[in-house]
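Numbers 57 to 131, taken from the numbering used here, label the letters of the sequence shown in order.
As C-alpha cells, the structure follows; a few thoughts come after it.
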Amino acid sequence: MPMQSPPSPEQFLAELFSSRAAATGAVIRRNARDIDRFYGRVAFLEEMRRRGYAVVENAGQLVIFCNREPIRRLA
Numbered sequence: 057m058p059m060q061s062p063p064s065p066e067q068f069l070a071e072l073f074s075s076r077a078a079a080t081g082a083v084i085r086r087n088a089r090d091i092d093r094f095y096g097r098v099a100f101l102e103e104m105r106r107r108g109y110a111v112v113e114n115a116g117q118l119v120i121f122c123n124r125e126p127i128r129r130l131a
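Right under this line is the structure:
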C-alpha cells in the first residue's frame, strides 16, 4: 500500500470543517501537533479569527468552537 502524502494546508482545513459538527456550529477537537504540522499555528489562528471562532488549548488538543457565541468557563 503506497504511503499517502500529507494534505495541503487547504485540504487539511477543508477536511477539518467538513464534519457535521463543524457545519452545525458545534465544537471540534484536533491534536495541536497536527495543526502545527499540516497548517501552521499562526496561520490557523488567523483563519479562526477571520471566521470569528474561538479556540482553546488543553493537554495538546485544540478545541475549536465553530460558532461566534461567547464562551463561559464554569469550573
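C-beta atoms are modelled at their ideal positions from N, C-alpha and C, and glycine is treated no differently.
Owing to the predicted nature of the structure, the values given are computational and were not obtained by experimental measurement.
Under 8 Å between the Cβ atoms of residue i and residue j?
| i | j | result |
| --- | --- | --- |
| R89 | G116 | yes |
| V111 | L101 | yes |
| A70 | C122 | no |
| I84 | S74 | no |
Here's the rule: buried if 16 or more other CB atoms are within 10 angstroms of the residue's CB, otherwise exposed. What is residue i?
| i | result |
| --- | --- |
| I127 | exposed |
| L130 | exposed |
Going by beta carbon distance, what residues of the same chain come within less than 6 Å of residue i, once the five residues before and after it are set aside?
| i | result |
| --- | --- |
| F68 | F94 and Y95 |
| E103 | none |
| E125 | none |
What does a CB cutoff of less than 8 Å around residue i pick up in its chain, not counting 5 residues either side in sequence?
| i | result |
| --- | --- |
| V119 | V83, I84, R85, V111, V112 and E113 |
Excluding the five sequence neighbours on either side, which residues of its own chain have a C-beta within less than 7 Å of the C-beta of residue i, listed in chain order?
| i | result |
| --- | --- |
| I91 | R97, F100 and L118 |
| S185 | Since the first residue of the chain shown is 57 and the last is 131, residue 185 is not available in this structure. |
Next on the checklist: What ranges does the alpha helix (DSSP H) occupy inside the segment 68-111, keeping only unbroken runs of at least 4 residues that lie completely in it?
Outcome noted: 76-79, 88-94 and 97-107
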